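For the sequence shown, the positions run 169 to 376 when this note's numbering is used. Glycine included, every Cβ here is placed at the ideal spot set by N, Cα and C. Small disclaimer: the values here were computed from a predicted structure and weren't measured. Quick notes on the structure that follows.
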Amino acid sequence: MKTNVFKGVFFTAMTVMLFGSCTKDTDYQTQPLKEMIYSDDFSFIADNPNSLTDRGWTLFPEAGTLNWSEDIYSGDSYAVFTTYGATTPETVNIAWLISPAFNLDNHDGEKLLFQAAQAYVSSSANSLEVLISSDFDGNPANVLASTWTNLAFNQPTLTYASNFDYVTSQVDLSSYTGNVHIAFKVKGSGTNNTLDGTYQIDNIRVIY
169 MKTNVFKGVF FTAMTVMLFG SCTKDTDYQT QPLKEMIYSD DFSFIADNPN
219 SLTDRGWTLF PEAGTLNWSE DIYSGDSYAV FTTYGATTPE TVNIAWLISP
269 AFNLDNHDGE KLLFQAAQAY VSSSANSLEV LISSDFDGNP ANVLASTWTN
319 LAFNQPTLTY ASNFDYVTSQ VDLSSYTGNV HIAFKVKGSG TNNTLDGTYQ
369 IDNIRVIY
């Protein structure tokens, strides 16, 4: 049985409120009508500060204690990871944000769409990865024991600038079947100023 969070026809085109000096890719906002398998724009954050885990997202701090969290600014909500301003800065931080499972058996031509932004990043060692797994069971204790495959995507521009310029990615998932999870994995440091960047993820869609 399918485990879709949302099913139906939606416009992937959406009106996105810009926040602060942040900008979002206009190409993403003009996508044609598509059928949706899974969707999350984090708009529920304003009503529930623990909404990531409540909505089925898995948070796993592989190294250090910092995790992904949710935030909202000027009406726009998103998932965010940062080591900046940590109460107890740690030498190494590796944190995973893992989606709920969704099923790819009943459709063809599935694609993952999402937007990513970063700021205060001055080294490629301060990194964001996107991965997929077909054997992760949703238990945080089993993240590292599962098989994860890196997905190529459009990396945000490496810059120490403070403006979060969103970059849109479209990733082909058509070769995958069954239940899968998507993970956003960040590597950074709270004690090394070149590795204390901030990352934001928004407007996740799995379409066909």
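- Per DSSP, Leu220 lies in no beta strand (DSSP E) segment; the continuous alpha helix (DSSP H) that holds it begins and ends at 219-222.
- Residue environment for Gly356: buried (at least 16 other C-beta atoms within 10 angstroms of its C-beta).
- If you draw a straight line from the Cα of Val339 to the Cα of Ala320, it is about 7 Å long.
- As a beta-bridge residue in DSSP terms, Phe352 pairs with Leu265, Val298.
- When DSSP states are grouped into helix, strand and coil, Asn318 belongs to the strand group.
- Counting the other CB atoms within 10 Å of its CB gives Glu238 a total of 16 or more, which places it among the buried residues.
- Cβ-Cβ distances below 6 Å link Tyr246 to Phe210, Gln368, Asp370 in the same chain, with the five nearest sequence neighbours on each side left out; the list follows chain order.
- The region 298-317 and the region 341-358 touch, with no fewer than 3 CB-CB distances between them shorter than 8 Å.
- Of Lys202, Thr325, Asp303, Ala263, the smallest CA-CA separation from Gln283 is found for Thr325.
- Straight across, the Cα-Cα distance linking Ser242 with Phe304 is about 35 Å.
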